[in-house]
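Worksheet: the structure to be examined is printed underneath.
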Amino acid sequence: GALKKLLGAGQDDLLATRKPGSEATVKEGIERDLAAGPSSTVTTPISTMPKRGQESEAGVLPVLAFTLLKALYGKRVTRLSAGGGHVLALTEGTGPEVLSWGLGDEGQLGHGVRSHERQPRPLAKFQGKRVSSVACGELHSLVIANGNAYAFGQGRQGQLGL
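Given below as C-alpha coordinates:
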(Lines of atoms letter the chains of each structure in order from A and count residues from 1; the text may use other names and numbers.)
(Lines give C-alpha, C1' and ligand atoms only; values in the text may rest on other atoms or scores of the structure.)
Protein backbone atom coordinates (compact mmCIF):
# COMPACT_ATOMS: atom_id res chain seq x y z
CA GLY A 1 0.00 0.00 0.00
CA ALA A 2 0.87 3.66 -0.23
CA LEU A 3 3.02 5.23 2.45
CA LYS A 4 1.01 7.50 4.73
CA LYS A 5 3.53 9.35 6.86
CA LEU A 6 7.27 9.92 6.96
CA LEU A 7 8.41 9.34 10.54
CA GLY A 8 12.07 10.13 10.34
CA ALA A 9 15.25 9.91 8.37
CA GLY A 10 18.83 9.35 9.42
CA GLN A 11 22.08 9.56 7.53
CA ASP A 12 21.48 6.26 5.73
CA ASP A 13 17.89 5.29 6.48
CA LEU A 14 14.28 6.35 6.18
CA LEU A 15 11.26 5.33 8.26
CA ALA A 16 7.64 5.65 7.13
CA THR A 17 4.20 4.21 7.92
CA ARG A 18 1.67 2.56 5.65
CA LYS A 19 -1.11 2.70 8.27
CA PRO A 20 -1.21 3.52 12.00
CA GLY A 21 0.87 1.12 14.05
CA SER A 22 2.89 -0.24 11.14
CA GLU A 23 6.29 0.75 9.88
CA ALA A 24 8.57 0.24 6.95
CA THR A 25 12.19 1.06 6.39
CA VAL A 26 14.38 1.75 3.41
CA LYS A 27 18.12 1.75 3.83
CA GLU A 28 20.78 3.31 1.63
CA GLY A 29 20.36 5.52 -1.42
CA ILE A 30 19.20 8.57 0.54
CA GLU A 31 21.96 10.79 -0.84
CA ARG A 32 20.97 9.88 -4.41
CA ASP A 33 17.33 10.66 -3.74
CA LEU A 34 18.14 14.01 -2.15
CA ALA A 35 20.53 14.88 -4.98
CA ALA A 36 17.57 14.72 -7.38
CA GLY A 37 16.59 18.15 -6.05
CA PRO A 38 13.64 19.59 -4.18
CA SER A 39 11.39 19.85 -7.23
CA SER A 40 11.66 16.18 -8.19
CA THR A 41 9.45 13.38 -6.89
CA VAL A 42 10.96 10.06 -5.88
CA THR A 43 8.23 7.41 -5.96
CA THR A 44 10.30 4.24 -5.68
CA PRO A 45 13.20 3.65 -3.31
CA ILE A 46 16.40 3.18 -5.30
CA SER A 47 19.80 2.11 -4.04
CA THR A 48 23.23 1.47 -5.40
CA MET A 49 23.96 -2.21 -4.99
CA PRO A 50 27.42 -3.17 -3.81
CA LYS A 51 29.50 -5.13 -6.27
CA ARG A 52 29.31 -8.89 -6.02
CA GLY A 53 30.98 -10.06 -2.82
CA GLN A 54 30.89 -6.63 -1.17
CA GLU A 55 28.92 -5.88 1.96
CA SER A 56 27.83 -2.67 3.60
CA GLU A 57 29.47 -1.15 6.68
CA ALA A 58 27.16 -3.10 9.01
CA GLY A 59 27.95 -6.38 7.25
CA VAL A 60 24.61 -6.76 5.50
CA LEU A 61 23.47 -5.95 1.99
CA PRO A 62 21.31 -2.85 1.44
CA VAL A 63 17.54 -3.29 1.56
CA LEU A 64 16.11 -2.05 -1.73
CA ALA A 65 12.39 -2.04 -0.95
CA PHE A 66 10.15 -1.09 1.96
CA THR A 67 10.36 -3.96 4.41
CA LEU A 68 8.18 -4.74 7.42
CA LEU A 69 10.21 -4.79 10.63
CA LYS A 70 9.25 -8.27 11.81
CA ALA A 71 10.68 -7.70 15.29
CA LEU A 72 8.06 -4.96 15.81
CA TYR A 73 5.16 -6.82 14.20
CA GLY A 74 2.10 -6.79 16.45
CA LYS A 75 3.40 -3.93 18.58
CA ARG A 76 1.72 -0.53 18.32
CA VAL A 77 4.60 1.72 17.30
CA THR A 78 3.84 5.33 18.23
CA ARG A 79 7.19 7.01 17.58
CA LEU A 80 10.33 6.28 15.59
CA SER A 81 13.51 8.30 15.28
CA ALA A 82 16.50 7.58 13.05
CA GLY A 83 20.03 8.77 13.78
CA GLY A 84 23.27 8.46 11.84
CA GLY A 85 23.15 4.67 11.98
CA HIS A 86 20.74 3.81 14.76
CA VAL A 87 16.99 3.89 15.45
CA LEU A 88 14.79 4.32 18.54
CA ALA A 89 11.18 3.10 18.62
CA LEU A 90 8.48 3.76 21.19
CA THR A 91 5.65 1.24 21.47
CA GLU A 92 2.50 1.28 23.58
CA GLY A 93 0.05 -1.31 24.72
CA THR A 94 0.21 -3.92 27.47
CA GLY A 95 3.95 -3.38 27.82
CA PRO A 96 5.11 0.03 26.55
CA GLU A 97 8.74 -0.16 25.51
CA VAL A 98 11.59 1.89 24.15
CA LEU A 99 13.61 -0.21 21.71
CA SER A 100 16.87 0.58 19.95
CA TRP A 101 18.95 -1.00 17.21
CA GLY A 102 21.73 -0.21 14.76
CA LEU A 103 25.24 1.09 15.35
CA GLY A 104 26.10 1.51 19.02
CA ASP A 105 29.83 2.19 19.22
CA GLU A 106 29.27 5.51 21.06
CA GLY A 107 26.66 4.17 23.51
CA GLN A 108 23.80 5.74 21.52
CA LEU A 109 21.66 2.59 21.83
CA GLY A 110 21.35 3.03 25.59
CA HIS A 111 22.23 -0.51 26.67
CA GLY A 112 25.30 0.53 28.65
CA VAL A 113 27.74 -1.06 26.20
CA ARG A 114 29.44 -0.04 22.97
CA SER A 115 28.03 -2.69 20.67
CA HIS A 116 25.77 -2.90 17.64
CA GLU A 117 22.31 -4.46 17.63
CA ARG A 118 20.83 -5.90 14.42
CA GLN A 119 17.36 -6.36 15.93
CA PRO A 120 15.25 -4.01 18.07
CA ARG A 121 16.17 -4.51 21.73
CA PRO A 122 14.22 -3.07 24.70
CA LEU A 123 15.95 -0.50 26.91
CA ALA A 124 15.60 -1.83 30.47
CA LYS A 125 16.05 1.67 31.95
CA PHE A 126 12.62 2.74 30.66
CA GLN A 127 10.52 -0.34 31.49
CA GLY A 128 7.56 0.68 33.62
CA LYS A 129 8.08 4.39 32.95
CA ARG A 130 5.72 6.69 31.06
CA VAL A 131 7.75 7.55 27.95
CA SER A 132 6.36 10.34 25.78
CA SER A 133 9.06 10.88 23.16
CA VAL A 134 12.27 9.52 21.64
CA ALA A 135 14.80 11.26 19.38
CA CYS A 136 18.09 10.39 17.72
CA GLY A 137 20.99 12.60 16.78
CA GLU A 138 23.96 11.55 14.69
CA LEU A 139 25.64 9.62 17.54
CA HIS A 140 23.39 10.28 20.54
CA SER A 141 19.82 9.64 21.67
CA LEU A 142 17.23 11.35 23.85
CA VAL A 143 14.21 9.96 25.71
CA ILE A 144 11.55 11.82 27.70
CA ALA A 145 10.23 9.58 30.51
CA ASN A 146 8.00 10.62 33.42
CA GLY A 147 8.62 14.24 32.40
CA ASN A 148 12.41 13.92 32.65
CA ALA A 149 14.88 14.10 29.75
CA TYR A 150 17.50 11.36 29.40
CA ALA A 151 20.49 11.60 27.05
CA PHE A 152 23.05 8.97 26.06
CA GLY A 153 25.72 8.42 23.44
CA GLN A 154 28.51 10.66 22.19
CA GLY A 155 28.62 14.07 23.84
CA ARG A 156 31.91 15.59 22.70
CA GLN A 157 30.19 18.71 21.33
CA GLY A 158 27.98 19.17 24.40
CA GLN A 159 24.87 17.73 22.74
CA LEU A 160 24.01 15.65 25.83
CA GLY A 161 23.63 18.78 27.95
CA LEU A 162 25.75 17.29 30.74
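In case it helps, our numbering puts the sequence shown at residues 72 to 233.
For every residue, glycine included, the Cβ atom is placed at its ideal position computed from N, Cα and C.
All values reported here derive from a predicted model rather than from experimental measurement.
Residues near residue 206 by beta carbon distance below 6 Å, same chain, minus five either side: Counted from its first residue, the sequence shown places residue 206 at position 135. 152, 213.
Alpha carbon of residue 122 to alpha carbon of residue 133, nearest angstrom: Position 51 of the sequence shown, counted from the first residue, corresponds to residue 122. Position 62 of the sequence shown, counted from the first residue, corresponds to residue 133. Per-residue confidence for residue 122 stands at a pLDDT of 47, beneath the threshold of 50, marking its modelled position as unreliable; the derived number appears in the next sentence. Roughly 11 Å between the two C-alpha positions.
Coil, strand or helix - residue 151 by DSSP: Start at 1 with the first residue of the sequence shown, and residue 151 comes out as number 80. Looking at residue 151 - three-state DSSP - the assignment turns out to be strand.
Endpoints, beta strand (DSSP E) assigned at residue 212: Taking the first residue of the sequence shown as position 1, residue 212 is located at position 141. Element bounds for residue 212: 211-216.
Inter-residue Cα distance where the pair is residue 164 and residue 148: Here residue 164 refers to the residue found at position 93 when the sequence shown is read from its first residue. Here residue 148 refers to the residue found at position 77 when the sequence shown is read from its first residue. In a straight line, the C-alpha of residue 164 is about 9 Å away from that of residue 148.
Residue range of the unbroken beta strand (DSSP E) whose run includes residue 223: Stepping through the sequence shown from its first residue, residue 223 is reached at position 152. Segment 219-224, the beta strand (DSSP E) holding residue 223.
Among 203, 172, 231, 182, nearest to residue 188 - alpha-carbon criterion: Counting from 1 along the sequence shown, the entry for residue 188 is found at position 117. Of the listed residues, the one whose Cα sits closest to residue 188 is 172.
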